[in-house]
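Below is one structure; the comments refer to it alone.
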Amino acid sequence: MLVRISVRNLIEFVMRSGDIDNRFRDNARMIEGIRAHQAIQKKYGANYKSEYSLKNSTIIDDVEFIVEGRADGLLKEKDGFVIDEIKSTSRMLSEIDGTNKLHWAQAKCYAYFYALDNNLENMSITLTYVSVEDYSTIIFKESFSFDELKDFYYSLLNEYLNFSKILARNLSKRNQTIKELDFPYKEYRKGQRKMAVAVYKSILDEKKLFVDAPTGIGKTISTVFPSVKSMGEDLTDKIFYLTSKNTQANEALKSVYILKNQGLFIKALSITSKEKICLNDEVKCNPIDCPFARGHFDRVNDALKDIIDSEEIMDFSTITSYAEKHRVCPFELELDISSYADFIICDYNYVFNPNTYLKRFFDEVIDRYVFLIDESHNLVERARDMYGFSFNDERFKEISKKLDNRKQKNIIKYCDEIIDTFDQLYAKYGKKLYYYQENQIEDFDKKFIKLLKPLQKYLVEEHDDENYDELLNLFFDINKFLKIGEYYTKGFYSVISYDEDYDQIIFEIKCIDPSMVLSSTYKNARSVIFFSATLSPMIYFTKILGADDSLKLRLDMPFDEKNFALFNREISTRYRDRNNNLVFVSEAINEFINSKKGNYFIFFPSYSYLEDVYEDYKTRFDDEIIIQDRFMNEKETKKFLKQFDKDSQKTAFVVLGGIFSEGVDLIGDRLIGSMIISVGMPGVSNERNLIKTHFDKLGEDGFDYSYTFPGLNKVYQAAGRVIRSENDKGIIYLLDDRFNSYKYKSMYPKHWKNKGIKLVNEKSDFDIKAEKFWEDVGEKE
Numbered sequence: 024m025l026v027r028i029s030v031r032n033l034i035e036f037v038m039r040s041g042d043i044d045n046r047f048r049d050n051a052r053m054i055e056g057i058r059a060h061q062a063i064q065k066k067y068g069a070n071y072k073s074e075y076s077l078k079n080s081t082i083i084d085d086v087e088f089i090v091e092g093r094a095d096g097l098l099k100e101k102d103g104f105v106i107d108e109i110k111s112t113s114r115m116l117s118e119i120d121g122t123n124k125l126h127w128a129q130a131k132c133y134a135y136f137y138a139l140d141n142n143l144e145n146m147s148i149t150l151t152y153v154s155v156e157d158y159s160t161i162i163f164k165e166s167f168s169f170d171e172l173k174d175f176y177y178s179l180l181n182e183y184l185n186f187s188k189i190l191a192r193n194l195s196k197r198n199q200t201i202k203e204l205d206f207p208y209k210e211y212r213k214g215q216r217k218m219a220v221a222v223y224k225s226i227l228d229e230k231k232l233f234v235d236a237p238t239g240i241g242k243t244i245s246t247v248f249p250s251v252k253s254m255g256e257d258l259t260d261k262i263f264y265l266t267s268k269n270t271q272a273n274e275a276l277k278s279v280y281i282l283k284n285q286g287l288f289i290k291a292l293s294i295t296s297k298e299k300i301c302l303n304d305e306v307k308c309n310p311i312d313c314p315f316a317r318g319h320f321d322r323v324n325d326a327l328k329d330i331i332d333s334e335e336i337m338d339f340s341t342i343t344s345y346a347e348k349h350r351v352c353p354f355e356l357e358l359d360i361s362s363y364a365d366f367i368i369c370d371y372n373y374v375f376n377p378n379t380y381l382k383r384f385f386d387e388v389i390d391r392y393v394f395l396i397d398e399s400h401n402l403v404e405r406a407r408d409m410y411g412f413s414f415n416d417e418r419f420k421e422i423s424k425k426l427d428n429r430k431q432k433n434i435i436k437y438c439d440e441i442i443d444t445f446d447q448l449y450a451k452y453g454k455k456l457y458y459y460q461e462n463q464i465e466d467f468d469k470k471f472i473k474l475l476k477p478l479q480k481y482l483v484e485e486h487d488d489e490n491y492d493e494l495l496n497l498f499f500d501i502n503k504f505l506k507i508g509e510y511y512t513k514g515f516y517s518v519i520s521y522d523e524d525y526d527q528i529i530f531e532i533k534c535i536d537p538s539m540v541l542s543s544t545y546k547n548a549r550s551v552i553f554f555s556a557t558l559s560p561m562i563y564f565t566k567i568l569g570a571d572d573s574l575k576l577r578l579d580m581p582f583d584e585k586n587f588a589l590f591n592r593e594i595s596t597r598y599r600d601r602n603n604n605l606v607f608v609s610e611a612i613n614e615f616i617n618s619k620k621g622n623y624f625i626f627f628p629s630y631s632y633l634e635d636v637y638e639d640y641k642t643r644f645d646d647e648i649i650i651q652d653r654f655m656n657e658k659e660t661k662k663f664l665k666q667f668d669k670d671s672q673k674t675a676f677v678v679l680g681g682i683f684s685e686g687v688d689l690i691g692d693r694l695i696g697s698m699i700i701s702v703g704m705p706g707v708s709n710e711r712n713l714i715k716t717h718f719d720k721l722g723e724d725g726f727d728y729s730y731t732f733p734g735l736n737k738v739y740q741a742a743g744r745v746i747r748s749e750n751d752k753g754i755i756y757l758l759d760d761r762f763n764s765y766k767y768k769s770m771y772p773k774h775w776k777n778k779g780i781k782l783v784n785e786k787s788d789f790d791i792k793a794e795k796f797w798e799d800v801g802e803k804e
């Protein structure tokens, strides 16, 4: 039986104890820690090898342990070799006594691996603590015999052995059931087998794959099944099914359950955010405010053994039930489960976000991963958000005013310096309303880092201060900002702007083109599969998602193309023409929704345009229209959609690209038509124009990358609401003269090109064509 684990995970599992306590303590910031590590590593010279990879295979009781990781450093001295373990800290070095067992444990494992590989009788270990403030160090050094190191390492493995046997049994059973697993349906839908084969072959060949697959093909099972099969062929160790919405996560879970019912034995986990899964009255992760945090690490191994031994598919309800049973934190429990799960369903953030990614998997990659990226078109804007951050001077002014001049004079001092920096930069770059440059503006970095020191002192000592939460948020925001700065590369811009409405200067890091940072993350995986019903034009997505070298697959619609019609009315909805054409838009809507009794969605490019048409429509026609509110929560959204049943005759005015454009399944007669008004272009803005400028410089059509392509993607999403199953029938009505241009037609998805668009010139023309369509599909009234 084989068990693979990192040194870090082995140590954490065997030696952890005590409480979860996220209250602010000695918080050596990640970036400061990295810089401190690098500073120490550079001091040693040629005899020092940093980030030295080590690996060991040991068999105990028929269980083979493959354990690996990276030592901070390996130093060659005259009398032997030294493993160097570096720990950064913001504490006073005089307070550190070098007795932390966890800090020694990892280094002792690496020392044993190196001594075994090189037939050494002893090894030395240095535990180096480095101050993040001035990079001063205190070093503790010990020597160990080979037998001492071996005994220590074997004691860890023996402690882990019982759990390992559970893991090994699971692995053996998993592989056996995968080999016996067949596709869960009697036959493939049109295009489905082609997609599944392409996914498997991409994993086999270690390639990236883009799949533009219309609704109804069964994209989820077509990616889950072949990736699971690759696991049984020893091509894959762990599968990450990445989503941007809960609805997609639920579909992935359904597919895993379907395969389970076919005989698959697999450990699958769906990760829920801390805020949603928390069992406490309030999300406060410390032993005083949360009973589940108190003593969590004393009980979590029993909880982990219990759930891994007893459950196969672990979702919200399963995890919370075991968390309550063992009185542990459900969020921390699910993160621990992830180390031993074969199939992980989670948000994009857990892989791509520089501030929240799962470090246990991606800081030291020892397994072969497959990324299945559902609704991949969403990753563009999500990545821009993940790698962007902003501050405004007003925030620091408010903080400076609130604080006590005597008690927090250093915080006030550095806040004032930051305010001055805002003013200086704004003046330096011409006091423009919007200024940007490609080179990173680092004027704030040193100021922010200087502010962190008094902030840390305050956060440790002033828990009861009325401004505590605000300063805690500032501390974490500065850390996020500086962390993002570490990723600054081509496609990033520094932006200084002035908001006249709020009289504030804003400084931002903007990730206009996330292709480089995303492509570096793909290196963590053996294969990456991008799939969506709206990946047209594909050249746009492959470039902006940093996957130019991907294989590409475009699939036909799996359902009978007779079941839907594409109509186009050439009315200009350009911003300059909208007021003049309100009457024509209203009349076209009225013709459409009265051509056949049923439910209709009318999509608008903006809420303000929706309101303008709605006001005009009410003056002309008596039809009852329901409109999307500007701000709707999940409960209100569900209530809105419940109004659309198979017997209702409802018309909704909704926003293109909004909550009703994607993830809405109104099957059958619950929706028989959608009108899409305009080509969906985003509103003109400084950021959109910056995107345009950036891609123009790269030799691309910047206007398309900034406006045309994102707009079209919203159009395709909205159009996809109409035909959701093989029995659905309906009309997609495109209202804009640009839809009939060569440029737009050339970018249509494959099933639109196959179908062709019926041009509508006037009311009688529409009535004739709509009536004929419904006659042809056997739905004549």
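Residue numbers (my numbering): 24 to 804.
Beta carbons are placed, not taken as given, at the ideal position from N, Cα and C, and that holds for glycine.
request  = Please name the residue or residues paired with I396 in a DSSP beta bridge.
outcome  = Per DSSP, L265 and F553.
message = Looking at the strands, I want to know which residues DSSP matches up with L11.
response = In this structure the chain extends from 24 to 804, so residue 11 is not present and cannot be described.
message = Can you tell me whether L185 is buried or exposed? The criterion is at least 16 other CB atoms within 10 Å of its CB, across all chains shown.
response = The question names Leu, but residue 185 is Asn in the sequence shown. That one is exposed.
task = Work out the CA separation of E710 and D524 for me, nearest whole Å.
result = Each residue's alpha carbon lies about 18 angstroms from the other.
Own chain, CB closer than 6 angstroms to K673, minus 5 neighbours either side, in chain order = For K673, where only same-chain residues beyond five positions count, the Cβ hits under 6 angstroms are N622, Q666 and F667.
Per DSSP, cross-strand counterpart(s) of L3 = For residue 3 there is no data in the structure shown, the boundaries of the chain being 24 and 804.
ask   = Can you tell which of T151, L782, Y563 and F627 has its C-alpha closest to the C-alpha of V608?
value = Residue nearest to V608 within the set T151, L782, Y563 and F627 is F627 (criterion: CA-CA distance).
key: Touch test, the segment 692 to 702 against the segment 742 to 751, Cβ-Cβ under 8 angstroms, three pairs minimum   = Yes, the segment 692 to 702 touches the segment 742 to 751.
key: Under the three-state DSSP convention, the category A346 falls into   = It is helical.
query = Between which two residues does the alpha helix (DSSP H) containing N712 stretch?
reply = N712 -> alpha helix (DSSP H) spans N709 to K720.
query = Can you tell me the Cα-Cα spacing of A51 and S154, whole angstroms?
reply = The predicted model places A51 with a pLDDT of 47, which falls under 50 and marks its position as unreliable; any figure quoted below should be read in that light. Looking at the two C-alpha atoms, the distance is approximately 9 angstroms.
Length of the line joining the Cα atoms of E638 and M655 = Inter-residue distance for E638 and M655 is about 21 angstroms (C-alpha atoms, whole angstroms).
query = Count the other CB atoms within 10 Å of the CB of N591; is the residue buried (16 or more) or exposed (fewer)?
reply = So N591 counts as buried.
ask   = What is the rounded straight-line gap between the Cα of A548 and the Cα of S111?
value = One C-alpha to the other measures close to 29 angstroms.
task = Confirm, please, whether the CB-CB distance from S361 to L292 is below 8 angstroms.
result = It is a contact, given that the beta carbons lie within the stated cut-off.
ask   = Taking all protein chains shown into account, do 16 or more other C-beta atoms lie within 10 angstroms of the C-beta of S807, making it buried, or fewer, making it exposed?
value = Outside the displayed span of the chain (24 to 804) sits residue 807, for which this structure offers no information.
task = Starting from N415, follow the alpha helix (DSSP H) in both directions and report where the run begins and ends.
result = Not the alpha helix (DSSP H): N415 falls in the beta strand (DSSP E), residues F412 to N415.
query = Within 10 angstroms of its Cβ, does A611 collect 16 or more other Cβ (buried), or is it exposed?
reply = Its Cβ being crowded by 16 or more others within 10 Å, A611 is buried.
ask   = According to DSSP, what are the bridge partners of K99?
value = Answer is F104, bridged to K99.
task = Check whether the Cβ atoms of L558 and L757 lie closer than 8 angstroms to each other.
result = For L558 and L757, no; Cβs fall outside 8 angstroms.
inquiry  = Nearest by alpha-carbon distance to I690: which of E35, S787 and G239 is it?
reply    = If we check each option's Cα against that of I690, G239 comes out closest.
task = Entirely within the segment 499 to 548 and at least 3 residues each: give me those beta strand (DSSP E) ranges in chain order.
result = List check, beta strand (DSSP E) in window: 515 to 522 and 527 to 534.
inquiry  = Report the CB separation of I34 from Q129 in whole angstroms; it is logged as a contact under 8 angstroms.
reply    = Confirmed, about 5 angstroms.
message = Per the DSSP calculation, E657 is bridged to which residue(s)?
response = Under DSSP, E657 takes part in no beta bridge, so it has no partner.
ask   = Leaving out five residues before and five after A793 in sequence, what residues of the same chain have Cβ atoms less than 6 angstroms from its Cβ?
value = Closer than 6 angstroms at the Cβ level, and outside the excluded window around A793, lie S618.
inquiry  = Restricting to Cα atoms, I'd like to know which of E584, F587 and Y632 is closest to N603.
reply    = With distances taken between Cα atoms, N603 lies closest to Y632.
request  = Return the Cβ separation of E685 and Q740 in integer angstroms, given the expectation that the two are a contact with Cβ distance under 8 angstroms.
outcome  = About 5 angstroms separates the two Cβ atoms, so the contact holds.
query = Applying the criterion that 16 or more other CB atoms from any shown protein chain within 10 Å of the CB defines a buried residue, is R601 buried or exposed?
reply = Its Cβ being crowded by 16 or more others within 10 Å, R601 is buried.
inquiry  = Across the segment 723 to 741 and the segment 555 to 569, are there enough close Cβ pairs to call them in contact, namely three or more that are closer than 8 angstroms?
reply    = Yes, the segment 723 to 741 is in contact with the segment 555 to 569.
request  = Helix, strand or coil for A51, going by three-state DSSP, please let me know.
outcome  = Its pLDDT being 47, under 50, A51 is placed unreliably in this model, and the coordinates cannot settle the point.
request  = Determine the closest residue to K778 out of D583, P207 and R27, with distance taken between C-alpha atoms.
outcome  = That would be D583, whose Cα lies nearest to the Cα of K778.
key: Buried or exposed by the 16-neighbour rule on C-beta atoms within 10 Å, applied to N784   = With fewer than 16 other Cβ atoms within 10 Å, it is exposed.
Enclosing alpha helix (DSSP H) for V155 [first to last residue] = Counted as a single uninterrupted DSSP element, the stretch harbouring V155 is not any alpha helix (DSSP H), since DSSP gives it neither H nor E.
key: Under 8 angstroms between C-beta atoms of Y1 and V540   = One cannot answer for residue 1 here, as it falls past the ends of the chain, which runs 24 to 804.
message = Out of T270, L227 and F288, which one is the CA nearest neighbour of K196?
response = Distance from the Cα of K196 is smallest, within the candidate group T270, L227 and F288, for F288.
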